[in-house]
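Note sheet for the following structure.
Protein chains: 4
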Amino acid sequence: MSSTYGTLFKISTFGESHGPAIGVVIDGCPAGVDFNTDFIQAELDRRKPGQSRITTQRREADEFEVLSGVFEGKTQGTPIALVIRNTDQRSKDYGHIAEQFRPSHADYTYTAKYGSRDYRGGGRSSARETAARVAAGAVAKLLLAHQGIQIQAYVSQVGKLKLGKPYQELDLSQTETNAVRCPDAEMAGQMFQYIDETRKKGDSIGGVVDCVITGVPAGWGEPVFDKLHAELGKAMLGINAVKGFEYGSGFAGVELYGSDHNDAFYTDETGKVRTRTNLSGGIQGGISNGEPIYFRTAFKPVATIMQDQESVDVHGQPAVVSGKGRHDPCVVPRAVPIVEAMAALVLADMYLRNLAARL
Amino acid sequence: MSSTYGTLFKISTFGESHGPAIGVVIDGCPAGVDFNTDFIQAELDRRKPGQSRITTQRREADEFEVLSGVFEGKTQGTPIALVIRNTDQRSKDYGHIAEQFRPSHADYTYTAKYGSRDYRGGGRSSARETAARVAAGAVAKLLLAHQGIQIQAYVSQVGKLKLGKPYQELDLSQTETNAVRCPDAEMAGQMFQYIDETRKKGDSIGGVVDCVITGVPAGWGEPVFDKLHAELGKAMLGINAVKGFEYGSGFAGVELYGSDHNDAFYTDETGKVRTRTNLSGGIQGGISNGEPIYFRTAFKPVATIMQDQESVDVHGQPAVVSGKGRHDPCVVPRAVPIVEAMAALVLADMYLRNLAARL
Amino acid sequence: MSSTYGTLFKISTFGESHGPAIGVVIDGCPAGVDFNTDFIQAELDRRKPGQSRITTQRREADEFEVLSGVFEGKTQGTPIALVIRNTDQRSKDYGHIAEQFRPSHADYTYTAKYGSRDYRGGGRSSARETAARVAAGAVAKLLLAHQGIQIQAYVSQVGKLKLGKPYQELDLSQTETNAVRCPDAEMAGQMFQYIDETRKKGDSIGGVVDCVITGVPAGWGEPVFDKLHAELGKAMLGINAVKGFEYGSGFAGVELYGSDHNDAFYTDETGKVRTRTNLSGGIQGGISNGEPIYFRTAFKPVATIMQDQESVDVHGQPAVVSGKGRHDPCVVPRAVPIVEAMAALVLADMYLRNLAARL
Amino acid sequence: MSSTYGTLFKISTFGESHGPAIGVVIDGCPAGVDFNTDFIQAELDRRKPGQSRITTQRREADEFEVLSGVFEGKTQGTPIALVIRNTDQRSKDYGHIAEQFRPSHADYTYTAKYGSRDYRGGGRSSARETAARVAAGAVAKLLLAHQGIQIQAYVSQVGKLKLGKPYQELDLSQTETNAVRCPDAEMAGQMFQYIDETRKKGDSIGGVVDCVITGVPAGWGEPVFDKLHAELGKAMLGINAVKGFEYGSGFAGVELYGSDHNDAFYTDETGKVRTRTNLSGGIQGGISNGEPIYFRTAFKPVATIMQDQESVDVHGQPAVVSGKGRHDPCVVPRAVPIVEAMAALVLADMYLRNLAARL
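Chains as they are written, first to last, in the numbering used here: chain A, 1 to 359; chain B, 360 to 718; chain C, 719 to 1077; chain D, 1078 to 1436.
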């Protein structure tokens, strides 16, 4: 088990979906950061369930308590512990699957690894754990705000519905205006309807979250193994249901010639070195180059569906897993703040590590 | 700079393309592994330049020396240091770019981060560094061979030429029979011709490397942050020129309904729990489930091309970067052993970490 | 700030003396450990204040809550979060020192490092934080109990009063029979009286805690940097007020000839390799050799005294620090369970790391 | 095995006493450090054998080669690999002990842990490995020199011969004027004679090395677990033959009252906060306070002696270990540069980590 992430801005999350609480300890946040509790709560509210009829109806207040590390409104350089109580656990909803392995969930693999599992919901593998990441990510965002950095994620695809526009052509300020979190209102409407229809069928569908980061100066990232995009990729792939990650030109860039793919340098009117195109995605050789950083993260359809499915039980006998309880028909609207949070955690760590790059 | 990877099977690589040597220290390889130097050399030979006319003509013998950690043919549990001398450095080839930033290379970002750069070739950012990874990965493979694990990568796409078959329909024993390292002979021929034409134009082209890993038992991987696929993703994204990573159904899985995507469990004739399909890619909840693990890695067209390109110099003045020297028109044939090596390093670490999972 | 310890059995503590709570997250405890809450509470009770008139009268119930990682009485392999609420904070006791630097406390250095400090008591530097270590150490002890390991610390010196007997001549089962935690009843009586007299003078005095660990098999420890005794030393030196650490023959061994110091090997009646003497302290080359491990830890007189002292305030102006509030006149009786806890954390980590030593 | 030390200034050493070479990779040295190869060689020369008749007559040139990380006389921020070839291996000297466990050496414990050992000399457990640390420590010293930091160690005790003066009363510039490395010429003479007599008897004797560090600003150190003195302690205890560590008042401080032990603060004429005494050893709460840092390290008599000793062989049968080969009768003169090197490595890491302490 590794629930610890980061070299200098280090977080350690804990908690199961149906235990008393989830939470996180942040060890390494510099002293002097303005600790805005309203902002942190707002970030948690973006992730919490029950925001619209296309998200799970499980109700969690997701209110957090600060146990340490903050004094007179500022971080102290000491560990910051944040705890979120689980209030709507309804373990009874899950009793029927205590002895079954749900298809494409982590029931079987946790049992194989640890010899047993907490069968009340997803236990540790539940996406509920990501609330702790969002809380920690919010603190990272507060740190990064001192550096002028902005992180904006949005939904670019739901099932076969693709936004089909690069980030440069979008007004990202519109992202939070709709339940899908797609900055294009028309596409957002189509996506909403599609997700809702999927929900009614008791099924689920996948999607893609894009993310754009502005304000990162040239120089962040730690090659050769902790390249900025490698850490971003690891962080995204660590989110539940993620199946793929690409940055800059990504998989599509494979089909280009180098002469089309290379980003020509020029010096702008302020004397800053820029690139005319940004197929590099703001990162070259694993280090930020000052251009906007952008990447895409693919989410599979969530495994919980309201249909009967073939499976086996913990004794290896055939079993039918029935769909009960509450679920998200499509995870990407609620994944938007999680993607941002993980990106913030990566960048906070890279910011601090870069302080030691040279005399 | 972080040139260290791994928690228990830990490697630390070093070396610039035009310095005296590159190499790696492996700290944490268990004692008792059969240290097969012929195998390690063979792996290095798979990566080395000059294998055919579609790879760079730079000549490096890539012979390695063992400085420590091996005694009487066995690893000792002590650090294993492997060194590969640079024999064909030709610094003069690079003198003309000492003051220029080559587009989509790491020249600018290294300078921004460190205040200077080793302008003899790519310096630390050169793909030459990956030879050290291949050597370390070969040792990891020797460790994993004791566990019955096999790692096989192959080229599945070059530019727009796609193999278009899942791994189950391929005969991976054919991969090494051609210079492209595509297991389908006909497609390999087309790819070879395409790369060669690209080379003649002085241009470069991207590609995709797929990888299949068999023999991994259920239980490897360390959620929530060090999920098996998250570590594989980080490792792949740490390879030069990689722009994307996906495992199992990947980006395509986004378009499926959960009812089509979920892998039904069953018990096979030997009593082993299996899945009927493998869209999970052998990993559920970040932990291996015993099915074959597979993933895909996207490589951009390499930045070095034999054409003039717009850029700036270290003083911010406009400059024209001319194409000289030797380069790979398409990196994926030589990337195959690198992908395998990085996968082996991830798995070796996960194997050792899993020993502590339960009493 | 680094409040994280351990490579595999990793803990992350948090909390200030006068904040809402202190606690710890344990990431990496194997699944399957019997989680005995009564034992953990008993360990906390050994450390808590107010046990006799020679310890601080500050009252803390030190009751802990388990937030995660335990299900049906067993650890799950997932992070274990333990929280202890601060119930007797009395911030008013400390208001008078908000602007002063207390001599030989961490007030000045925390301010120098972080730019500010939580002046309510010791904040993060308070020994109250060690309650979280004791809780985590108790979990480590439960893990080690499965391996038959016993850790016993005791007070061997208070001021100039020295026990003067090696561990082999002591009955360690008597340690907990007196308030001083010295296994020799007569010496314990003298020490108690001495501490009490020191208390009445408003002064404080130092002491030494010895520790003996039995049941560790040969092979634990990770040279060359993470030698078993080096990790024990770091762990002990990380406890508040510790000024020195020695193991085996320690500083006294300096005066011996090699011919007197070397521990001769022999094979005992069961065929086990043993040593006739144990000046090595159970560790050779940084690895346990199967003999009892023993070490000694020196604690300075605690800095808080009930006397006026010369100092400066946060503006650099002269100030007189007055002794108020509650304090421990001698820290070693309550340090005994802390020493044991830290030793348990080191050994738990070394146990898990050693699983990867060889095929 | 953990041959890696450091969080940001990270080193990874390798090599056995009788293999082809030893060396170190430094990952994380900032770019821009003046890389003075003469200085590094001089540091190695201080440690190398054969300096006088009271050190081992084994001859090693200890010349190092730089394989990477340096360009045009400056560090590049990339890994620095340093290699020292073993030139005087004489494996034959050790053939007679291939099957024996030498008392108080690491022969038995390495075999117990790894299942076999490199019996040519100490293998990995040989003090020869410390040459790599001295090389790395020299680079750390070069980094610290940019911060005005000076590290000076010296011999303060050999057997029962004690210098008996605090560092404030010594002229440390005299340390290198004699073979013992004691700054007091008269005591140095007595010590030399005593070591020489011990050598003639075929025996060995222990000693103490003190170390004083000046120029460290207030604020370095990472509580609660990575306190500055805890890291120094771990680093010292990781040196071969070390049995104890104390800083500031150390074990002697145990006997003092708090009213005598506390260091009163005052503001000096330059406005700097100082302490009137320095029993804290320059560190309070695990963080440097700007006063000189000092500590003491106890070395046992080295285990190799020129006498017959009782032991067992690898089959558990009784055996007599005969003294042959070459050895150091007292390790402390050559340990002086090793102590300094390890201190430099700790401080370099703490310096870099402190950069992230606050906004």
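We treat Cβ as the ideally placed atom computed from N, Cα and C, and that holds for glycine.
Which whole-angstrom value describes the C-beta separation of residue i and residue j, a residue pair presumed to lie in contact below a C-beta threshold of 8 Å?
i, j, result
"Phe-299 (chain A)", "Ala-241 (chain A)", "5 Å"
"Glu-422 (chain B)", "Ile-443 (chain B)", "7 Å"
"Ala-1158 (chain D)", "Gly-481 (chain B)", "Going by Cβ atoms, the distance from Ala-1158 (chain D) to Gly-481 (chain B) rounds to 17 Å, so no, they are not a contact pair."
"Ile-11 (chain A)", "Val-25 (chain A)", "7 Å"
"Leu-172 (chain A)", "Leu-347 (chain A)", "Incorrect: roughly 17 Å between the Cβ atoms, too far for contact."
"Arg-1076 (chain C)", "Pro-660 (chain B)", "That belief does not hold up - the Cβ atoms of Arg-1076 (chain C) and Pro-660 (chain B) are roughly 45 Å apart, past 8 Å."
Look at the alpha carbon of residue i and the alpha carbon of residue j, and state the distance between them as a whole number of angstroms.
i, j, result
"Leu-345 (chain A)", "Phe-9 (chain A)", "7 Å"
"His-1306 (chain D)", "Ser-1326 (chain D)", "13 Å"
"Thr-270 (chain A)", "Met-191 (chain A)", "42 Å"
"Glu-176 (chain A)", "Thr-396 (chain B)", "58 Å"
"Glu-291 (chain A)", "Ala-420 (chain B)", "39 Å"
"Arg-59 (chain A)", "Ser-126 (chain A)", "15 Å"
"Arg-412 (chain B)", "Pro-525 (chain B)", "29 Å"
"Tyr-723 (chain C)", "Ala-903 (chain C)", "36 Å"
"Thr-773 (chain C)", "Ser-1336 (chain D)", "18 Å"
"Thr-1381 (chain D)", "Val-1235 (chain D)", "17 Å"
"Thr-470 (chain B)", "Pro-1300 (chain D)", "34 Å"
"Gln-794 (chain C)", "Glu-949 (chain C)", "27 Å"
"Val-1289 (chain D)", "Phe-1372 (chain D)", "7 Å"
"Gln-150 (chain A)", "Lys-141 (chain A)", "8 Å"
Among the options, which residue has its Cα nearest to the Cα of residue i?
i, options, result
"Val-926 (chain C)", "C:Thr-796, C:Val-1050 and C:Ala-779", "C:Val-1050"
"Phe-969 (chain C)", "D:Lys-1237, D:Thr-1084 and D:Gly-1225", "D:Lys-1237"
"Asp-196 (chain A)", "A:Pro-329, A:Arg-334, A:Gly-28 and A:Pro-20", "A:Pro-329"
"Gly-962 (chain C)", "C:Glu-790, C:Gly-1004, C:Thr-1015 and C:Pro-884", "C:Thr-1015"
"Arg-405 (chain B)", "B:Ala-465, B:Arg-476 and B:Gly-496", "B:Gly-496"
"Ile-1117 (chain D)", "D:Ser-1193, D:Ala-1208 and D:Ala-1380", "D:Ala-1208"
"Phe-624 (chain B)", "B:Leu-615, B:Val-613, B:Asn-648 and B:Gly-617", "B:Asn-648"
"Arg-992 (chain C)", "D:Gly-1154, D:Thr-1186 and D:Pro-1156", "D:Thr-1186"
"Gly-221 (chain A)", "A:Glu-65, A:Pro-337, A:Leu-355 and A:Asn-86", "A:Leu-355"
"Asp-672 (chain B)", "B:Pro-462, B:Ala-380 and B:Pro-379", "B:Pro-462"
"Val-429 (chain B)", "D:Leu-1144, D:Ala-1217, D:Tyr-1196 and D:Phe-1112", "D:Tyr-1196"
"Gly-281 (chain A)", "A:Gly-253, A:Asp-268 and A:Thr-267", "A:Gly-253"
"Asn-996 (chain C)", "C:Ile-1011, C:Val-873 and C:Gly-1041", "C:Ile-1011"
What are the partner residues of residue i, as DSSP defines its beta bridges?
i, result
"Tyr-1231 (chain D)", "D:Asp-1287"
"Ser-12 (chain A)", "A:Thr-4 and A:Val-25"
"Arg-540 (chain B)", "DSSP, once it has assigned bridges, lists no residue as partnering Arg-540 (chain B)."
"Gln-818 (chain C)", "C:Asp-1031"
"Arg-124 (chain A)", "Arg-124 (chain A) is not bridged to any residue."
"Leu-520 (chain B)", "B:Val-517"
Counting only C-beta atoms, is residue i closer than 8 Å to chain E at any point?
i, result
"Phe-789 (chain C)", "This model lacks chain E altogether; the protein chains it does include are A, B, C and D."
In the DSSP assignment, the alpha helix (DSSP H) including residue i goes from what residue to what residue?
i, result
"Ala-497 (chain B)", "489 to 504"
"Arg-1052 (chain C)", "1050 to 1072"
"Phe-1116 (chain D)", "1114 to 1124"
"Thr-1188 (chain D)", "1184 to 1191"
"Gly-258 (chain A)", "258 to 261"
How far does the beta strand (DSSP E) with residue i in it reach, from first residue to last?
i, result
"Ala-749 (chain C)", "Element bounds for Ala-749 (chain C): n/a, residue is neither H nor E."
"Ala-657 (chain B)", "652 to 658"
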